[in-house]
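Peer 1: One rule links them: number in the numbering used here = place in the sequence shown (from 1) + 134.
The C-beta atom is built at its ideal place from N, Cα and C for all residues, glycine as well.
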Amino acid sequence: MSVFLLVGATAHAQHSLRDSSFVQTDTLFDKSGKPDCFYTRTFSYSSEKPTEITVAFTFTTEINQAISYRQEILNGNLEWIEKGGLYKREGIVEVVTANLSAHSSITWKYRYKVKNKPANKIITFDKSALLVMNGAIEVKKIILITPEFLLK
Numbered sequence: 135m136s137v138f139l140l141v142g143a144t145a146h147a148q149h150s151l152r153d154s155s156f157v158q159t160d161t162l163f164d165k166s167g168k169p170d171c172f173y174t175r176t177f178s179y180s181s182e183k184p185t186e187i188t189v190a191f192t193f194t195t196e197i198n199q200a201i202s203y204r205q206e207i208l209n210g211n212l213e214w215i216e217k218g219g220l221y222k223r224e225g226i227v228e229v230v231t232a233n234l235s236a237h238s239s240i241t242w243k244y245r246y247k248v249k250n251k252p253a254n255k256i257i258t259f260d261k262s263a264l265l266v267m268n269g270a271i272e273v274k275k276i277i278l279i280t281p282e283f284l285l286k
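1) Beta carbon of ASP160, beta carbon of TYR173: below 8 angstroms?
2) Quick check on DSSP: helix, strand or coil for LYS243?
3) Kindly indicate which three-state DSSP category LYS261 falls into: helix, strand or coil?
4) Scan the region 172 to 234 and note each continuous beta strand (DSSP E) run of 3 residues or more that stays entirely inside, going in chain order.
5) Determine contact between the region 189 to 198 and the region 228 to 244, defined as no fewer than three beta-carbon pairs at a distance below 8 angstroms.
6) LYS274 to SER202, Cα distance in whole Å?
7) Kindly indicate the opening and closing residues of the beta strand (DSSP E) around PRO252.
8) DSSP state of LYS168, grouped into three classes?
9) For LEU155, I'd like the list of residues in its chain whose CB is within less than 8 angstroms of its CB, leaving aside the five on either flank, ordered along the chain.
10) Can you tell me which of VAL266, GLU282, ALA270 and PHE283 puts its alpha carbon nearest to the alpha carbon of ILE276?
11) Residues in its own chain within less than 8 angstroms of LYS251 by CB, not counting five upstream and five downstream?
12) To the nearest angstrom, how far is it from the Cα of ASN209 to the Cα of ILE187?
13) Near GLN158, what residues of its chain come up, given a Cβ to Cβ distance below 6 angstroms and the 5 sequence neighbours on each side ignored?
14) Nearest-angstrom Cα distance between GLU91 and GLY218?
Here is the structure:
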């Protein structure tokens with residue numbers, strides 16, 4: 135029997151960054167309320183390269199889990215800097231998946247380049263999600279924040 139839980143932060147955030155960063159972090163809990171994993175997603179931006187954002191995603195688990203990070207690429211191109219696990223592209227979605235043992239972590243890092251500098255000076259980051267499956271085949275789907283970056 136498979137259980138599907140929808141957990142997410144679907145907030146829409148706009149940031150005016152100049153040589154700065156934005157961080158999203160969260161802890162996921164098991165049915166008893168005990169933390170079983172956490173993640174941090176950091177967006178780094180430099181005014182020297184105004185159409186480029188570097189994203190680092192770190193996932194740490196306390197139990198054996200499989201994870202999959204899914205990143206749409208409608209408004210930009212994605213270049214992997216650091217990846218572990220299995221990588222594939224499904225149409226407009228870049229996917230990286232890994233099996234993690236208990237008390238371990240993984241970091242994925244990529245460069246997101248906007249295809250065209252927007253006329254309104256707002257970079258809207260494409261949608262992304264995290265899927266986490268434990269040993270009992272219970273899946274948590276986390277819709278990640280879709281930030282906007284105001285160019286100055």
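Peer 2: Quick answer:
1) Result yes, Cβ atoms of ASP160 and TYR173 sit closer than 8 angstroms.
2) Note: LYS243 maps to strand in three-state DSSP.
3) coil
4) 186 to 195, 199 to 206, 210 to 216, 220 to 224 and 227 to 234
5) Taking a cut-off of 8 angstroms on C-beta distances, the region 189 to 198 touches the region 228 to 244, as three or more cross pairs fall below it.
6) When rounded, the distance between both Cα atoms is 11 angstroms.
7) Neither: PRO252 is in no beta strand (DSSP E) and is coded neither H nor E.
8) coil
9) Checking the sequence shown, residue 155 turns out to be Ser, not Leu. Excluding sequence neighbours, SER155 sits near THR176, PHE177, SER178 and TYR179.
10) VAL266
11) PRO184, THR185 and LEU285
12) 12 angstroms
13) ARG175 and ILE279.
14) Outside the shown range of the chain, which is 135 to 286, sits residue 91, and nothing can be said about it.
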